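Protein chains in written order, with my numbering: chain W, 28 to 320; chain Y, 913 to 1201.
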Amino acid sequence: MNENTKRGKFLLFLIFVGPALLCFFAVVIVPFLYGIYLTFTNWDGISPNHDFVGFTNYVAVFRDSEFWKALLLTLQYVVFSVLLINVIAFILAYLLTSGVKGQSFLRSAFFTPNLIGGIILGFIWSFVFSRALVSVGQTLNIPLFSQSWLTDPTKAFWALVVVTVWQYSGYMMIIYIAGFTGVPKDVLEAASIDGCTGFQTVRHIILPLMVPSFVICLFLSIQRCFMVYDLNLSLTGGEPYGSTIMAAMHVYQKAFLSKQYGTGQGEAFILFLVVAAITLTQIYLGKQKEVDA
Amino acid sequence: MKQKINNTIGGKKAKASSAVKTVILSALLLVYMLPFLIILVNSFKGKRAIVRTPLVLIDPHGPTVQNFVKAFEKMDFVKSFMNSTVITVVSVALIILVASMTAYFFVRKNWMINKVIFAMMLTAMIIPFQVIMIPLVSIYGGQLGLLDHRATLIFMNVGFGVAMAVFIYHGFIKTGVPVSLEEAATIDGCNQVQIFFKIVFPLLKATTATVTVLDVLWIWNDYLLPSLVLTKKSLFTLPLSTYAFYGTYTIDYGAIMAALVLTTIPVIILYIFLQKQIISGVVAGAVKA
């Protein structure tokens, strides 16, 4: 194989990049472009042919109040979950880098929920909310728990938030721990010699130096929460009365249950644009706040 | 003297605050682990004891393994476990192979087409699966009729995983693999493919570990994509068969608890042995991405 001829170069490219490129195009790029095309058709998922219908699907998306309701609910879910995840993860990371006994065991333990898929986590918590907590509530006479959270629309929403925070706080914690360990020791020493209190050190030294960790954690938690599906399906299944259907579940049902593929795909795109706009803004703002030690 | 007193006071304070931290953390740990413990405890109890007293540790009639026997059989645990294993192992091995080769090629050959493809892969990483799933089913199901094959799912896993893996390998090869080693091999008459497998790939162990951890966790636990591709029960992975089992035996709490324990246990056992590698893999992956 002569690597200097055009043919040789092409062969080399095929060997090294060919397989990855084929999979990537066939699974990501082509479906993505085809998805844009789908939003202009009336395909029902079964019939072999479909018609070009112009912007009908987009009009349908704007008229689909259920979709906007689901998107709004998702937005609320994202705001509460992301805030709580990151506050708790940051506190955990702070505590677990201060030299407490059993530090590394505790880190591993808090991370555990992330080893298990959202479907299983949802089922586990579904039993906790509908049986275990109810039993506690009835025995100790705590009205908050004496009825299953999953049968009340507001409480079912909070159940989703609780499980999400429980799962991802351990994940973001280990990223914050990496951030804490990356703060140079000499800067911290200088601060303590200058008489900084613990709080002042966190506020003026550690926080600014950890901006990159915040950017990553916010990005990951925003993206994952927006796209929640597995947990939504297994914990509440959108119930009670369809009150906890998040955007991704709505898209799934629109396409695969109602067989309105074009409209479903249009809604998926809108969801994508919302998430992309929010995460990119967040990264852009975060990068501006970065400082060097 | 004064200095010394100050020190002891500081020391006591530090000790006291450390004790407070330990107490807070232990309490939190208990809360975090409680859901797992509740499921574990109830999986050894009969149905009546589960429903009436979910928080009692042991069934008044003594512990039972009946739930496990039932879940093991009805879920076809061995088969779904094998399905999950085959799909995960083959997908991850292929991702590592094709992504490391691509990343190496992109770093060493500064061609226009390489830059364009790399930029496309980076951009595509922000596309969530939900935007692809409908056209994916339409193409592979409606038009090609390729659903219900493990190979199709593996192919798709590779397609979805490759961009991120190329990105992680690219970052490491660029800074961590010196060209000088390869030049020596070229003089010895090795071609590019041999150089990659004999010299470069062995140097990528740490990065390969990172990619393995991230992709195993993702593929082993993935639900949505497999649920769209695999509809035959004999092909189900563990998350799919757990979901199906839960749907069929909704009121048989004991069997469900046992099923949840069975699906969780393999991962936990692996975690006990590999926690350091898993955690550093997740950190490395997140920080690079």
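Note that CB positions come from ideal geometry on N, CA and C, so glycine has one too. All values reported here derive from a predicted model rather than from experimental measurement.
How is T224 of chain W classed by DSSP in three states: helix, strand or coil? In the structure shown, the three-state DSSP call for T224 of chain W is coil.
Is it the case that the Cβ atoms of P58 of chain W and L1048 of chain Y are separated by a distance below 8 Å? yes
Beta carbon proximity, W70 of chain W to chain Y, threshold 8 Å: yes
Best match in W:A304, W:L307 and W:G289 for proximity to Y85 of chain W [C-alpha to C-alpha]: Here the closest residue by C-alpha is W:G289.
Around the Cβ of K1086 of chain Y, are there at least 16 other Cβ atoms within 10 angstroms (buried) or fewer (exposed)? Exposed is the call here.
Given a cut-off of 8 Å, decide if Y1155 of chain Y and I336 of chain W are closer than it, judged by their beta-carbon atoms. Residue 336 of chain W is absent from the model: chain W starts at 28 and stops at 320.
Along the segment 1084-1105 of chain Y, where does the CB come closer than 7 Å to a CB of chain W? Name the residues. Going along the segment 1084-1105 of chain Y in chain order, one finds N1103, Q1104 and V1105 with a Cβ nearer than 7 Å to chain W.
Alpha carbons only, please: which of Y:S1092, Y:F1148, Y:S1146 and Y:A1075 is nearest the one belonging to V1010 of chain Y? Y:A1075
Which same chain residues end up closer than 8 Å to F138 of chain W when comparing Cβ atoms and leaving out the 5 residues on each side of it in sequence? G197, Y198, M200 and I201
Using the Cα positions of I1191 of chain Y and S135 of chain W, report the straight-line distance between them to the nearest angstrom. 8 Å
Where DSSP assigns a beta bridge to T68 of chain W, which residues make up the other side? W:F79
From Q92 of chain W to K286 of chain W, what distance separates their C-alpha atoms? Looking at the sequence shown, residue 92 of chain W is not Gln but Ser. Using only the alpha carbons, I get a separation of about 18 Å.
Please confirm whether C244 of chain W and Y203 of chain W have their CB atoms less than 8 Å apart. yes
Could you please give the first and the last residue of the uninterrupted alpha helix (DSSP H) stretch that includes T1122 of chain Y? K1117 to N1133
Mind listing the chain W neighbours of K991 of chain Y? Cutoff is C-beta to C-beta under 8 Å, in chain order. Result: empty, since nearest Cβ-Cβ is about 18 Å, beyond 8 Å.
Consult DSSP for L969 of chain Y and reduce its assignment to one of helix, strand or coil. coil
If you draw a straight line from the C-alpha of S1050 of chain Y to the C-alpha of L946 of chain Y, how long is it? 42 Å
Contacting positions in the segment 1064-1076 of chain Y - beta carbon closer than 7 Å to chain W: F1067, M1068, V1070, G1071, F1072, V1074 and A1075
Does chain W have any CB closer than 8 Å to the CB of K1027 of chain Y? no
Mind reading off the beta-carbon distance from G313 of chain W to V242 of chain W? Whole number of angstroms is fine, and I expect it under 8 Å. About 4 Å; that satisfies the 8 Å criterion.
Quick check on the DSSP output: what are the complete alpha helix (DSSP H) runs of length 4 or more inside the segment 210-281 of chain W, in order along the chain? 212-220, 238-253 and 274-279
Of the residues Y:L937, Y:V981 and Y:Y944, which one's Cα is nearest the Cα of S955 of chain Y? Y:V981
Between the segment 1016-1032 of chain Y and the segment 1079-1093 of chain Y, are three or more C-beta pairs nearer than 8 Å? yes
Pick helix, strand or coil for G922 of chain Y, following the three-state DSSP scheme. Only weak support exists for where G922 of chain Y lies, its pLDDT of 45 falling under 50; the value from the coordinates is given anyway. Helix.
Can you list, in chain order, the residues of its chain with a C-beta nearer than 7 Å to that of K281 of chain W? Leave out the 5 residues immediately preceding and following it. Cβ within range, chain order: Q287, T290, G291 and E294.
Please say whether V127 of chain W and L937 of chain Y have beta carbons closer to each other than 8 Å? Yes, the pair counts as a contact, with Cβ atoms nearer than the cut-off.
CA-CA distance, L260 of chain W and M1033 of chain Y? L260 of chain W and M1033 of chain Y: Cα-Cα distance of roughly 30 Å.
In angstroms with no decimal places, state the Cα-to-Cα distance between A983 of chain Y and A961 of chain Y. 18 Å
Say whether the segment 1124-1143 of chain Y touches the segment 117-132 of chain W, bearing in mind that this needs 3 or more beta-carbon pairs closer than 8 Å, one atom from each stretch. no
So which residues on chain Y does M254 of chain W lean against when the C-beta distance must stay under 8 Å? P1040, F1041 and Q1042
Using 8 Å as the threshold, is the segment 167-185 of chain W in touch with the segment 1154-1172 of chain Y, meaning 3 or more CB pairs across them? no
From K916 of chain Y to D257 of chain W, what distance separates their C-alpha atoms? Note that K916 of chain Y scores a pLDDT of 39, beneath 50, so its modelled location is shaky and nothing firm can be said.
Going straight from the alpha carbon of G922 of chain Y to that of K212 of chain W, what length do you get? In this prediction, G922 of chain Y has a pLDDT of 45, which is less than 50 and means its spatial position is unreliable; what the coordinates show is noted afterwards. Between G922 of chain Y and K212 of chain W, the alpha-carbon positions lie close to 20 Å from each other.
Quick one: does S108 of chain W have its CB under 8 Å from some CB of chain Y? no
Would you mind reading off the limits of the alpha helix (DSSP H) that contains P140 of chain W? Unbroken run through P140 of chain W: none, as it is neither H nor E.
List the residues of chain Y whose Cβ lies closer than 9 Å to the Cβ of S270 of chain W, in chain order. Identification of chain Y residues near S270 of chain W by a Cβ-Cβ cut-off of 9 Å yields none; the smallest Cβ-Cβ distance measures about 20 Å.
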